[in-house]
Amino acid sequence: MNVLVTGGAGYIGSHCALALMQSGYDVAVFDNLSTGHQETVDTLSGCNLPGRFLGFQKGDLLSMEDLDRAFKTFQIDAVMHFAAFSQVAESMKDPGKYYRNNVLGTLNLLDGMRAHGVKKIVFSSTAATYGEPEYTPIDENHPQNPINPYGSSKLMIERIMDDYDMAYGLRSVRLRYFNVAGADSGGRVGEWHEPETHLIPNILKSTFGDGKEFSMFGTDYPTRDGTCIRDYVNVEDLADAHVRALKYLENGGETDFFNLGTNSGSSVKEVFGSCERITGKAIPLRVCGRRPGDPAVLIADNKKAKETLGWQPERALDDSIRTAYGWEKANKQH
Ligand code: UFG
């Protein structure tokens, strides 16, 4: 089974590509390298796993020609779609970039699938489609009222996927991630964003003794210690859910959507404390004001993914911090 992984040169896409090949799927990567990395593609292509690495196409979802070529060259049977811009703050400043690349790009991808008779897609969606939580833990019935263009772009894609199923029988699984953390336990790939905006890599980058303080955004939230609470799901557990989602579609499963999280939350202060304990370092800290748009608490209800996909997150936050730290130390130059 040949799987096209769009955004396979990025953080989550690369971990899922590894998990697919580990499970015996053959993988082709499609990425424009605007935020992904050639080094990541080289690592994937050099891995000796049960599934083959079919090849890499540097291409853009906004080009139908690029997409056509990928479907033809690699004889694709199913798609995992990660290629997207994903920074909330940037999406507020430059919404067009998000609607054009994320929404239009996905429309092209779906039309490419139609043209080449590909009927199965696993899509990287987000908790940001829910917006400000009305209750926690958030289950899949929670209203979807995104509060930024990033979340809106992902919700539009979910709606389009419903319509493409109705009209063309193109089945999808949409996985709504909460906060993804950690790196490959074999150290092959990891989180590599420029600029880095996420909590755990930013804390860990401040351990290197170059004077860079970690900025803690907001200590006056209505939570147990005043800092925001998030549900951190390990990236290898997340990748496992993607493989299960693809198998679900292969077995005739209907279009559906699932939260991916752990049912429990950690505060920014707790994560910071765990990072100090695991690294054995006193990490320079600066307490700052709130970052605009951060909800106080985001925790997933993951019952549906457990029941339908048989998925169970196995790794604890400490495991994510440990693998992320290993990755950061090995790749300081990033
Ligand atoms: N934080 C800091 N300092 C930092 C970075 C983050 O204090 O340097 C805090 C944030 O204010 C927030 C928490 O750590 O309270 C987590 O922030 P992240 O940026 O790591 O993650 P978010 O919860 O903001 O974002 C995640 C995904 C987004 C998705 C969003 C859904 O990364 O893609 O959840 O709400 F849109």
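Its first residue numbered 454, the sequence shown is counted upward by one per residue in our numbering. C-beta atoms are modelled at their ideal positions from N, C-alpha and C, and glycine is treated no differently.
Legend entry - Burial state of G622 (16 or more Cβ within 10 Å): Taking the sequence shown and counting its residues from 1, one reaches residue 622 at position 169. Around the beta-carbon of G622, fewer than 16 other beta-carbon atoms lie within 10 Å, marking it exposed.
Inset, instruction - Inspect the CB distances between the stretch 603-618 and the stretch 544-563 and report whether three or more fall short of 8 Å. - result: yes
Inset, instruction - Starting from T579, trace the beta strand (DSSP E) both ways and give me its first and last residue. - result: Within the sequence shown, the letter at position 126 stands for residue 579. Unbroken beta strand (DSSP E) run through T579: K573 to T579.
Inset, instruction - Measure the C-alpha to C-alpha separation of P586 and N501 and round it to an integer number of angstroms. - result: Taking the sequence shown and counting its residues from 1, the one referred to as residue 586 is at position 133. Taking the sequence shown and counting its residues from 1, the one referred to as residue 501 is at position 48. Their Cα atoms are separated by approximately 43 Å.
Inset, instruction - Answer yes or no: the CB of D747 versus the heavy atoms of the ligand PLP, is any distance below 7 Å? - result: Although the ligand PLP was asked about, the structure shown includes only the ligand UFG as ligands.
Legend entry - Helix, strand or coil at Q491 [DSSP, three-state]: For the purposes of this step, residue 491 is taken as the residue at position 38 of the sequence shown. Q491: helix per DSSP, three-state reduction.
Legend entry - Inter-residue Cα distance where the pair is A749 and C741: Here residue 749 is taken as the residue at index 296 of the sequence shown, counted from 1. Here residue 741 is taken as the residue at index 288 of the sequence shown, counted from 1. When only Cα atoms are considered, A749 and C741 end up about 15 Å apart.
Inset, instruction - Indicate whether R775 and I736 have their beta-carbon atoms separated by less than 8 Å. - result: Your numbering for residue 775 matches position 322 in the sequence shown. Your numbering for residue 736 matches position 283 in the sequence shown. Contact flag unset, no.
Inset, instruction - Report the partner residues of C728 according to the DSSP bridge assignment. - result: By 1-based counting over the sequence shown, the position of residue 728 is 275. According to DSSP, C728 bridges with nothing at all.
Legend entry - Terminal residues of the beta strand (DSSP E) in which T459 lies: What you label residue 459 is simply residue 6 of the sequence shown in a count that begins at 1. According to the DSSP assignment, T459 belongs to the beta strand (DSSP E) that extends over N455 to T459.
Inset, instruction - Determine the burial state of S719: buried for a count of at least 16 other Cβ atoms within 10 Å of its Cβ, exposed for fewer. - result: Counting from one through the sequence shown, the residue named residue 719 turns up at place 266. Under this definition S719 is a buried residue.
Legend entry - Secondary structure of D754, DSSP reduced to three states: Mapped onto the sequence shown, residue 754 falls at position 301. Three-state DSSP puts D754 in coil, outside helix and strand.
Inset, instruction - Look at the alpha carbon of A758 and the alpha carbon of A692, and state the distance between them as a whole number of angstroms. - result: Here residue 758 corresponds to residue number 305 of the sequence shown, with the count starting at 1. Here residue 692 corresponds to residue number 239 of the sequence shown, with the count starting at 1. CA-CA distance, A758 to A692, rounds to 13 Å.
Legend entry - Of the residues K782, R522 and S544, the one placed nearest N655, counting alpha carbons only: Your numbering for residue 655 matches position 202 in the sequence shown. Selected option, being the one with the closest Cα: K782.
Inset, instruction - Please check the pair M517 and C469, which I expect to be a contact at CB under 8 Å, by giving their CB distance rounded to whole angstroms. - result: Mapped onto the sequence shown, residue 517 falls at position 64. Mapped onto the sequence shown, residue 469 falls at position 16. In fact, because the Cβ distance is near 24 Å, the residues do not count as touching under 8 Å.
Legend entry - Contact check, D684 vs L751, beta carbons under 8 Å: As a working mapping, residue 684 is identified with position 231 in the sequence shown. As a working mapping, residue 751 is identified with position 298 in the sequence shown. At the C-beta level, D684 and L751 come within 8 Å of one another.
Inset, instruction - Decide if A542 is buried, meaning its Cβ has at least 16 other Cβ atoms within 10 Å, or exposed. - result: In the sequence shown, counting from the first residue as 1, residue 542 sits at position 89. Classification of A542: exposed, given that the 10 Å Cβ count is below 16.
Inset, instruction - Name the two residues that bound the continuous alpha helix (DSSP H) containing Y630. - result: Position 177 of the sequence shown, counted from the first residue, corresponds to residue 630. No alpha helix (DSSP H) holds Y630; the beta strand (DSSP E) holding it covers R624 to Y630.
Inset, instruction - For the beta strand (DSSP E) containing C469, list its first residue and its last residue. - result: Working through the sequence shown from its first residue, we reach residue 469 at position 16. That residue, C469, is in no beta strand (DSSP E); its alpha helix (DSSP H) goes Y464 to Q475.
Legend entry - Residue closest to S476, alpha-carbon to alpha-carbon, out of E723, I653, R505 and F483: Within the sequence shown, residue 476 is the residue found at index 23, counting from 1. Looking at the Cα atoms, R505 is the closest of the given residues.
Legend entry - G643 beta carbon less than 8 Å from that of A777: As a position in the sequence shown, residue 777 is number 324, starting the count at 1. As a position in the sequence shown, residue 643 is number 190, starting the count at 1. The answer is yes: Cβ separation under 8 Å.
Legend entry - Nearest residue (CA-CA) to E767, options E689, E703 and Y701: Within the sequence shown, numbered from 1, the residue matching residue 767 stands at position 314. Nearest of E689, E703 and Y701 to E767, Cα basis: E689.
Inset, instruction - Please say whether F631 and M443 have beta carbons closer to each other than 8 Å? - result: Any question about residue 443 goes unanswered here, given that the chain covers just 454 to 787.
Inset, instruction - Report the rounded CA-to-CA distance for Q510 versus G671, giving the unit in angstroms. - result: By 1-based counting over the sequence shown, the position of residue 510 is 57. By 1-based counting over the sequence shown, the position of residue 671 is 218. Between Q510 and G671, the C-alpha separation is close to 42 Å.
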